[in-house]
Every structure is written in C-alpha cells, then in structure tokens.
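In this note's numbering, the protein residues as written are 9 to 198. Comments concern the structure below.
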Ligand SMILES: [Zn+2]
C-alpha cells in the first residue's frame, strides 16, 4: 500500500512538473514576458549569430524574451550539409540547426532569425519577398534582411499573448519540423 501511494505521489509530482513546463507555451499573464532560454553550447561558429538573432526578435516583439544559456527551451546546433532546419516541439521550444554550407551562400543571420521564427510559431512563406523573413531562400542569396516584417513580428507577439483564434494558436504551437532546403547556388553568377 505504501509503495502504491509512493508511485501515486511520484506520478502527481511528474504531472505538476509537466504542468509547469506548459507555462512556457501558454503564458497566463499577458503583461509578463515569457523567457525562452536558448543554448548555444553546440552552436559552434554561430553562437554570436544566435545572440544577434535573439536581440532582433526581442526588439521586434512583446510578450517574450530570448535569453542566452539560462536553460534549454531552444538548442542551437551547427551542422554541415543537408540544409538548415528547425524542429519545434511546442511554441517557444525546440531545436535549430544551421548548415555551414548553406550559411556560406546565404546570410547566416537571416537563416538564424528565420529558423528561430519557426520556433516562435511562424510557418514558411516562400514568396520571394526579401522583406519577409519567412520567405527564406526564395528571396535569393543577395537577400540579407534578418528582420521579421511588422506582420510577422506581430503574429509572434499575438501567439505568445494567446490572443489569436484557437485554430491559429494551435497551428503556431504544434510540433513540427521545418526543413529549409534553400535553393543551392550551383553555378556562380557571372
Ligand atoms: Zn523555414
């Protein structure tokens, strides 16, 4: 009987901890900014780029603050080959992979802010417009804009404030993998 109660207690504590974890994705007070701790211990050459991208998102949005190395809501990795991508486990949580080969062709900072944009709830929007951060590689290698548009930034703020419709919220919070095979430049442009 005692061990049964012990197991129940353990289950209860596990549930309580899991519930606490959900507060990251479901901010109750709209006035309090959510802290998203990002970890750059495996970001290699892109740790500084991650810090720049965090500042860009912090300046562009309300309701959230990306803070370096206070935890690991978001882990950033340097990889080689295969394209950069983001794995969102829930809103504000996941992993970002920066491909060194891709970052040699496209702006590393634009790639970083784009991939973090996925973690913050944004989908791809490959419309070729350099002013749109989530247009990614469709805007070409000459596009180095690392800033989200006002609409993109406002959408992230709204997602974290919980003010969007239930459908829009669930789209931004869903677990998803965003593979960004930004077009390779095989032949140098003369
Ligand atoms: Zn993308």
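Ideal Cβ placement from N, Cα and C applies to all residues, glycine included.
{"query": "First and last residue of the beta strand (DSSP E) that includes residue 42?", "result": "42-50"}
{"query": "Name the one or two DSSP bridge partners that residue 98 has.", "result": "101"}
{"query": "Can you round the beta-carbon distance between residue 154 and residue 61 to whole angstroms, since I take them to be within the 8 Å contact cut?", "result": "7 Å"}
{"query": "Please classify residue 161: does DSSP put it in a helix, a strand, or coil?", "result": "helix"}
{"query": "Per DSSP, residue 72 is paired with what?", "result": "42"}
{"query": "Cβ of residue 236 versus every heavy atom of ligand 1: is any distance shorter than 7 Å?", "result": "One cannot answer for residue 236 here, as it falls past the ends of the chain, which runs 9 to 198."}
{"query": "How should residue 76 be labelled, buried or exposed, when 16 other C-beta atoms within 10 angstroms of its C-beta is the threshold for buried?", "result": "exposed"}
{"query": "What are the uninterrupted segments assigned as alpha helix (DSSP H) that are 4 or more residues long and contained completely in the stretch 74-151, given in chain order?", "result": "108-113, 116-127"}
{"query": "What is the DSSP secondary structure of residue 37, counted as helix, strand or coil?", "result": "At residue 37, the pLDDT of 46 sits below 50, so the modelled position is not reliable and the matter cannot be decided from this model."}
{"query": "For residue 151, does the count of other Cβ atoms within 10 angstroms reach 16, so buried, or fall short, so exposed?", "result": "buried"}
{"query": "So residue 117 and residue 57 are in contact, right, with Cβ under 8 Å, and what is the actual spacing, rounded?", "result": "5 Å"}
{"query": "Just checking residue 144 against ligand 1 - is the residue's beta carbon closer than 7 Å to any of the ligand's heavy atoms?", "result": "yes"}
{"query": "Just how far apart, CA to CA, sit residue 55 and residue 178?", "result": "30 Å"}
{"query": "Would you mind working out which of 47, 45, 132, 68 sits nearest residue 180, comparing C-alpha positions?", "result": "132"}
{"query": "Buried or exposed, going by whether 16 or more other CB atoms sit within 10 Å of the CB of residue 103?", "result": "buried"}
{"query": "For residue 107, verify whether its CB is less than 7 Å away from any heavy atom of ligand 1.", "result": "no"}
{"query": "Measure the C-alpha to C-alpha separation of residue 101 and residue 185 and round it to an integer number of angstroms.", "result": "12 Å"}
{"query": "Ignore the nearest five residues each way along the sequence and tell me which others in residue 172's own chain have a CB closer than 6 Å to its CB.", "result": "166"}
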